[in-house]
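Numbering (the working numbering), first residue to last: 2 to 201.
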């Protein structure tokens with residue numbers, strides 16, 4: 002075949018997949034870290050792990066549907082997640098519609114997922130930081146239900162930093178194969194199909 006093989010482009014990153022969460026042992030398996038957990042699962046299916054520190058995030062690069070995808074777990078804490086995303090998006094010249102964010106959502110119970118093409122941050126500090134840092138709300142997001150507050154007076158910060166129960170974690174994790182499938186469809190340009198299949 003010779004020294005140079007023509008075909009798939011191997012050099013540039015074309016998509017960013019950002020799982021949101023907080024770094025550190027004390028935040029493992031907390032509700033706010035659903036995005037980290039989903040990224041770990043998706044990479045694990047491909048025998049990869051987000052281990053390389055770049056752009057203030059733990060990263061891993063994989064190929065999905067012949068597209069080079071950079072997975073990221075920002076290490077800046079939730080409120081500053083946009084710093085890592087804007088750095089990498091600027092370096093690779095990634096437009097907002099190719100930045101896919103996986104986040105927790107307190108509007109839904111564990112086991113529910115919702116895909117949105119774009120939209121407001123809805124009070125989520127990680128999404129808010131990304132929107133502000135890249136100057137756009139036009140990025141797709143996969144939102145994972147992490148449980149609704151047990152009562153209206155429960156402090157939201159305490160709730161999102163509380164740990165999942167065993168059954169909640171099982172319900173959340175049961176969706177990760179769907180998250181993986183949705184991600185593959187979105188990267189393949191099939192956003193509508195992904196929404197129709199998984200927004201139930």
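C-beta: ideal position from N, C-alpha, C; glycine also.
Predicted, not measured: the structure shown is a model, and the values here were computed from it.
Rounded Cβ spacing between residue i and residue j (contact assumed at less than 8 Å)
i: residue 19; j: residue 73; result: 5 Å
i: residue 205; j: residue 112; result: No statement about residue 205 is possible, as the shown extent of the chain runs from 2 to 201 and does not include it.
i: residue 87; j: residue 71; result: In fact, because the Cβ distance is near 14 Å, the residues do not count as touching under 8 Å.
i: residue 85; j: residue 75; result: 4 Å
i: residue 79; j: residue 126; result: 5 Å
i: residue 17; j: residue 99; result: 7 Å
Candidates the options: closest to residue i by CA position
i: residue 29; options: 54, 177, 161 and 157; result: 161
i: residue 22; options: 14, 16, 13 and 32; result: 32
i: residue 91; options: 157, 114 and 136; result: 136
i: residue 114; options: 184, 164 and 145; result: 145
i: residue 177; options: 157, 105 and 189; result: 105
Counted within 10 angstroms of its Cβ, other Cβ atoms place residue i as buried (16 or more) or exposed
i: residue 119; result: exposed
i: residue 124; result: exposed
i: residue 141; result: buried
i: residue 167; result: exposed
i: residue 193; result: exposed
i: residue 56; result: buried
i: residue 62; result: exposed
i: residue 45; result: exposed
i: residue 108; result: exposed
i: residue 39; result: buried
Inter-residue spacing [alpha-carbon to alpha-carbon] between residue i and residue j
i: residue 155; j: residue 129; result: 22 Å
i: residue 171; j: residue 24; result: 21 Å
i: residue 26; j: residue 35; result: 14 Å
i: residue 1; j: residue 42; result: No information on residue 1 is available, as it lies outside the stretch 2 to 201 that the chain covers here.
i: residue 191; j: residue 66; result: 12 Å
i: residue 13; j: residue 151; result: 45 Å
i: residue 68; j: residue 153; result: 44 Å
i: residue 134; j: residue 59; result: 19 Å
i: residue 200; j: residue 116; result: 6 Å
i: residue 15; j: residue 102; result: 15 Å
i: residue 179; j: residue 64; result: 18 Å
i: residue 122; j: residue 138; result: 8 Å
i: residue 196; j: residue 182; result: 11 Å
i: residue 169; j: residue 149; result: 12 Å
i: residue 81; j: residue 198; result: 32 Å
i: residue 4; j: residue 184; result: Confidence is the limiting factor: at residue 4 the pLDDT is only 41, short of 50, which leaves the residue's position unreliable and the question unanswerable from this model.
i: residue 48; j: residue 186; result: 20 Å
i: residue 225; j: residue 157; result: Outside the modelled stretch of the chain, which goes from 2 to 201, sits residue 225, for which no answer is possible.
i: residue 37; j: residue 189; result: 22 Å
i: residue 206; j: residue 53; result: Not covered by the structure: residue 206. The range shown for the chain is 2 to 201.
i: residue 131; j: residue 77; result: 12 Å
i: residue 165; j: residue 93; result: 35 Å
Could you tell me which uninterrupted beta strand (DSSP E) segments, each at least 3 residues in length, are contained entirely in the stretch 44-99, listed from first to last along the chain?
53-55, 58-65 and 68-75
Segments assigned beta strand (DSSP E), at least 3 residues, entirely inside the stretch 140-189:
142-146
If you scan the stretch 94-130 from start to end, which runs of the beta strand (DSSP E) of 3 or more residues do you find wholly inside it?
Unbroken beta strand (DSSP E) runs of no fewer than 3 residues, entirely contained in the stretch 94-130, are found at 100-106 and 114-117, following chain order.
Which ranges does the beta strand (DSSP E) cover as unbroken runs of at least 3 residues, wholly within the stretch 9-37, from first to last along the chain?
Fully enclosed beta strand (DSSP E) runs of 3 or longer: 16-20.
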